[in-house]
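Participant: This structure is in structure tokens; I'll ask about it shortly.
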Amino acid sequence: MGGCMTKKLGERLVDAGLITTEQLELALKRQKRCGGLFGSNLVLLYMITEDELLAFLAKSTGVKSIDLKSFPIPERVLKMMTKGMVEKYNVIPVAYKKPNTLEIACADPTNIAILDELSFITGRNIVPLLSTYSSILEAITRYYSGVPFTDGSSAPQECTDQQIVPSETGHKRLGQLLVEAGMIQPHQLSRALKRQCQQGGVIGRNLIEIGAISEQKLKMFLARQMGVKEVNLSQVFFSREILEYIPLEVAEKYHVVPIAAKDGELSVACLDPTDFSILDQLQFYTGMKIKAFLASYAGINQIIDQYYRSIPLGKENLAESTPSITISTDL
34 MGGCMTKKLG ERLVDAGLIT TEQLELALKR QKRCGGLFGS NLVLLYMITE
84 DELLAFLAKS TGVKSIDLKS FPIPERVLKM MTKGMVEKYN VIPVAYKKPN
134 TLEIACADPT NIAILDELSF ITGRNIVPLL STYSSILEAI TRYYSGVPFT
184 DGSSAPQECT DQQIVPSETG HKRLGQLLVE AGMIQPHQLS RALKRQCQQG
234 GVIGRNLIEI GAISEQKLKM FLARQMGVKE VNLSQVFFSR EILEYIPLEV
284 AEKYHVVPIA AKDGELSVAC LDPTDFSILD QLQFYTGMKI KAFLASYAGI
334 NQIIDQYYRS IPLGKENLAE STPSITISTD L
């Protein structure tokens, strides 16, 4: 495997004809500006699919792949890496083998620097297994934040009480806070959680959909009781440069839009700024610190429809120059 790793991933993808040199340069520029791993930047820029990248790496490196959705990871193995470590390096430990070998799932086994760092930090021999970026992200969220998979392939039949207890950061989840405030009933939260397991989406939107609370009351609760700042999206200028920080599929999945970027911090508008699992995932995707503002479901939908679909972010359009703008985050 060592011989195929002498060239960087981007160069080998160019040699294989899977991306062009122009696309390589664009992905490197985005990585420098937004952070994240090189492969994930290629995927986010629609230059290659996760499946294409996985197939290429499996064939060129000989590294075995792992299906994280069907592979149960023991708690003792998870404890061998902290949440901060797995999020920083986009890996997750999956198995420990004597005498001192730790198998990890990663999206780029050619990144020797990361593997060496993990070996040094853990004091163990690191053996990489291949998985996609999104699968690793979902596994990190599932095992380290207690949020189940939502695509239906291996989702649990029922949500458990683990989803409504205080998170490890010390913050209570929105559903529990609404119950304690008398805004919703426990059985309504249970219904919303089951719906969330089946259909995805943030818990606030699911509560609205089942009629447990109105969007206006939810916004008032978040703004007044939790000190969340609201942003008027009609007053925000959206450029292609800002929209590139979060691609369409991520914006739709988490119902969030980027509104400003400055000094390594990305400001976003979302329906529930208290959903730390989503904010953590956005931080992982972008490699930036996330500052969340409250916005309405309809307002976010309108921005996604109006800007994301009217300003295509495909391979050709990314090559066009865009004006450099500064948006105040004091909204």
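Take 34 as the starting number for the sequence shown in the numbering used here and just add one per residue.
Every residue gets a Cβ at the ideal spot worked out from N, C-alpha and C, and that includes glycine.
1) Report the start-end ranges of each alpha helix (DSSP H) in the region 279-357 that is 4 residues or longer and not cut off at the edges.
2) Is the CB-CB distance between ALA128 and VAL110 below 8 Å?
3) Applying the 10 Å Cβ sphere with the 16-neighbour rule, what's the burial state of GLU120?
4) From ARG157 to THR134, what distance separates their C-alpha atoms?
5) Taking the continuous alpha helix (DSSP H) assigned at LYS92, which residues delimit it?
6) With distances taken Cα to Cα, identify the nearest neighbour of PRO161 among ARG273, SER98 and PRO107.
7) Which of the three DSSP states, helix, strand or coil, is assigned to LYS411?
8) With H, G and I counted as helix, E and B as strand and the rest as coil, what does DSSP make of LYS121?
9) According to the neighbour-count rule (16 or more other Cβ atoms, all chains shown, within 10 Å of its Cβ), is PRO306 buried or exposed?
10) I'd like the span of the beta strand (DSSP E) that includes GLU150, first residue to last.
11) According to DSSP, what are the bridge partners of SER98?
12) If you follow the beta strand (DSSP E) that LEU135 is part of, which residue opens it and which one closes it?
13) Please state whether DSSP places PRO219 in a helix, a strand or coil.
14) Less than 8 Å between the beta carbons of ALA256 and ASN239, yes or no?
15) So, at 7 Å on beta carbons, what are the nonlocal neighbours of GLY332 in its own chain, with the 5 sequence-adjacent residues on each side left out?
16) Give me, in chain order, the residues of the same chain whose beta-carbon lies closer than 8 Å to that of GLN316; leave out the 5 immediate sequence neighbours on both sides.
17) Could you tell me whether the region 53-73 touches the region 133-150, using the rule of 3 or more Cβ pairs below 8 Å?
18) Name the residue from MET253, TYR122 and THR165 whose alpha carbon lies nearest to the alpha carbon of ASP149.
19) Per DSSP, what are the beta-bridge partners of ASN158 in this structure?
20) For the alpha helix (DSSP H) that contains GLU75, what are its first and last residues?
21) Let me check understanding here. Comparing Cα to Cα, which of LEU312, VAL76, LEU42 and PHE254 lies closest to CYS303?
Facilitator: Inspection of the coordinates gives the following:
1) 281-287, 309-319 and 330-336
2) In the sequence shown, residue 128 corresponds to position 95, counting from 1. In the sequence shown, residue 110 corresponds to position 77, counting from 1. Taking 8 Å as the Cβ cut-off, ALA128 and VAL110 qualify as a contacting pair.
3) As a working mapping, residue 120 is identified with position 87 in the sequence shown. It is buried - the Cβ of GLU120 has at least 16 other Cβ atoms within 10 Å.
4) To locate residue 157, count along the sequence shown from 1; it is residue 124. To locate residue 134, count along the sequence shown from 1; it is residue 101. Roughly 6 Å between the two C-alpha positions.
5) Start at 1 with the first residue of the sequence shown, and residue 92 comes out as number 59. Counting along the chain, the alpha helix (DSSP H) containing LYS92 begins and ends at 83-94.
6) Numbered from 1 along the sequence shown, position 128 holds the residue referred to as residue 161. Comparing Cα-Cα distances from PRO161 to each of ARG273, SER98 and PRO107, the minimum goes to SER98.
7) Lying before the first or after the last residue shown, residue 411 is absent from the chain, which here runs from 34 to 364.
8) To locate residue 121, count along the sequence shown from 1; it is residue 88. Note: LYS121 maps to helix in three-state DSSP.
9) Mapped onto the sequence shown, residue 306 falls at position 273. So PRO306 counts as buried.
10) One-based indexing of the sequence shown puts residue 150 at position 117. Taken as a continuous stretch (DSSP letters only), GLU150 belongs to no beta strand (DSSP E), being part of the alpha helix (DSSP H) at 145-155.
11) Within the sequence shown, numbered from 1, the residue matching residue 98 stands at position 65. In the DSSP output, where bridge partners are listed per residue, SER98 has LEU163.
12) As a first step, residue 135 must be located in the sequence shown, where it is residue number 102. Residues 134-139.
13) Along the sequence shown, one-based indexing puts residue 219 at 186. DSSP places PRO219 in helix when its eight states are reduced to three.
14) Taking the first residue of the sequence shown as 1, we reach residue 256 at position 223. Taking the first residue of the sequence shown as 1, we reach residue 239 at position 206. Contact flag unset, no.
15) Translated into positions along the sequence shown, residue 332 becomes position 299. The answer, listed in chain order, is LEU266.
16) Locating residue 316 in the sequence shown gives position 283, where the first residue counts as 1. So the qualifying residues of the chain are GLU120, LYS322 and ILE323.
17) yes
18) To locate residue 149, count along the sequence shown from 1; it is residue 116. Selected option, being the one with the closest Cα: TYR122.
19) Reading the sequence shown from its first residue, position 125 is the one you call residue 158. In DSSP, ASN158 forms a bridge with THR134.
20) Within the sequence shown, the letter at position 42 stands for residue 75. Correcting the residue identity first, residue 75 is Leu in this sequence and not Glu. Per DSSP, LEU75 belongs to the alpha helix (DSSP H) from 71-77.
21) Sequence index remark: in the sequence shown, residue 303 carries index 270 (1-based). Out of LEU312, VAL76, LEU42 and PHE254, LEU312 has the C-alpha closest to the C-alpha of CYS303.
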